[in-house]
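Heads up, the thing below is written out as structure tokens.
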Amino acid sequence: MDMYEELYAELDSVYSSLSDSELLTVDSCQNSPFLDIINRSPYYITVHDVEFYRPLCINEPMRQFYGFEGQVMKGMDYFYYLKTIHTSTYHALIESISFFRKDTPGYLDLKYKLLDATGEWRKTIGTSKTIIRNERHRPKIAITVMKETKEHLDSSVYENFMSLTEREQEIVSLLVLGSTKKEIAHHLNISFGTVVSHVKNVYKKLRIKKLTELTQIVELFTMK
């Protein structure tokens, strides 16, 4: 089983319980009935306002992990919450902002290093999904379900994207705009073989095989 599959199943189960209890409203997210449902899960859960990019609440297992006093986030809690994320995984925040701003369908899989209550950095994996939309039908509230992992945390798509050289970025920009490799070679005054070599390297770095996949990545990380 894919290491995220159980997280998808748990997220969907929590979502169904909230829906069945008619708690999928913004006003419900920090109230006891909502918290009671997310507290049933043994996984770590965070509920986010993705319109204003801030955490709203966490379930009891997550509260114990962090050592926070309460489950509802307010005031300085936002500052302390950010401090729990290791700088090496700040890219997860950028990926999350891009994902929800673009209203990308499906799940967002992320990897983090988080600071627990004992002061130790723990490797975790998580998946997020929109559960409530605003009046413009844009993502408003999302839920993240996480667990600890001993797996090696591979570099993220965003990290790989940002590792592209300036020349590779130029070629990528032209590719997604519809230019052929021959046209790119002429435009950049380099050989066709050099373009082919750069494209192969880009695909290898991003772990993709198709131009459509490249286009999706560029669209995801191009802020508008």
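Residue numbers (our numbering): 7 to 230. Yeah, the Cβ is synthetic: ideal placement off N, Cα and C, and Gly gets one too.
Buried versus exposed call for residue i [16 or more other C-beta atoms within 10 Å across all chains shown]
{"i": "residue 15", "result": "exposed"}
{"i": "residue 70", "result": "exposed"}
{"i": "residue 117", "result": "buried"}
{"i": "residue 204", "result": "buried"}
{"i": "residue 146", "result": "buried"}
{"i": "residue 218", "result": "exposed"}
{"i": "residue 171", "result": "exposed"}
{"i": "residue 62", "result": "buried"}
{"i": "residue 181", "result": "buried"}
{"i": "residue 88", "result": "exposed"}
Per DSSP, cross-strand counterpart(s) of residue i
{"i": "residue 113", "result": "Residue 113 pairs with nothing; no bridge assigned."}
Spatial distance of residue i from residue j (CA atoms)
{"i": "residue 34", "j": "residue 221", "result": "38 Å"}
{"i": "residue 72", "j": "residue 123", "result": "5 Å"}
{"i": "residue 169", "j": "residue 104", "result": "18 Å"}
{"i": "residue 79", "j": "residue 164", "result": "28 Å"}
{"i": "residue 102", "j": "residue 196", "result": "36 Å"}
{"i": "residue 131", "j": "residue 40", "result": "23 Å"}
{"i": "residue 201", "j": "residue 213", "result": "18 Å"}
{"i": "residue 47", "j": "residue 77", "result": "14 Å"}
{"i": "residue 167", "j": "residue 186", "result": "21 Å"}
{"i": "residue 184", "j": "residue 193", "result": "13 Å"}
{"i": "residue 31", "j": "residue 109", "result": "19 Å"}
{"i": "residue 144", "j": "residue 9", "result": "29 Å"}
{"i": "residue 240", "j": "residue 54", "result": "The first residue shown for the chain is 7 and the last is 230, placing residue 240 beyond what the model contains."}
{"i": "residue 7", "j": "residue 189", "result": "Annotation note: pLDDT 46 at residue 7 (below 50); position unreliable, no value reported."}
{"i": "residue 198", "j": "residue 126", "result": "51 Å"}
{"i": "residue 178", "j": "residue 23", "result": "43 Å"}
{"i": "residue 209", "j": "residue 139", "result": "34 Å"}
{"i": "residue 13", "j": "residue 151", "result": "6 Å"}
{"i": "residue 18", "j": "residue 27", "result": "14 Å"}
{"i": "residue 106", "j": "residue 75", "result": "29 Å"}
{"i": "residue 216", "j": "residue 207", "result": "13 Å"}
{"i": "residue 81", "j": "residue 64", "result": "15 Å"}
{"i": "residue 142", "j": "residue 223", "result": "25 Å"}
Cβ-Cβ separation, residue j to residue i (assumed contact under 8 Å), whole Å
{"i": "residue 153", "j": "residue 59", "result": "That belief does not hold up - the Cβ atoms of residue 153 and residue 59 are roughly 23 Å apart, past 8 Å."}
{"i": "residue 20", "j": "residue 149", "result": "7 Å"}
{"i": "residue 134", "j": "residue 114", "result": "4 Å"}
{"i": "residue 155", "j": "residue 129", "result": "5 Å"}
{"i": "residue 37", "j": "residue 66", "result": "Actually they do not touch by this definition, with Cβ atoms about 15 Å apart."}
{"i": "residue 68", "j": "residue 90", "result": "The pair is not a contact, with the Cβ atoms about 10 Å apart (cut-off 8 Å)."}
Could I get the ranges of all uninterrupted beta strand (DSSP E) runs contained in the segment 36-109, with 3 residues as the minimum, in chain order? Runs of the beta strand (DSSP E) inside the segment 36-109: 50-55 and 60-64.
Of all the beta strand (DSSP E) runs that stay within the bounds of the segment 113-197, which reach a length of 3 or more residues? DSSP runs (the beta strand (DSSP E)) wholly in the segment 113-197: 114-121, 127-139 and 145-154.
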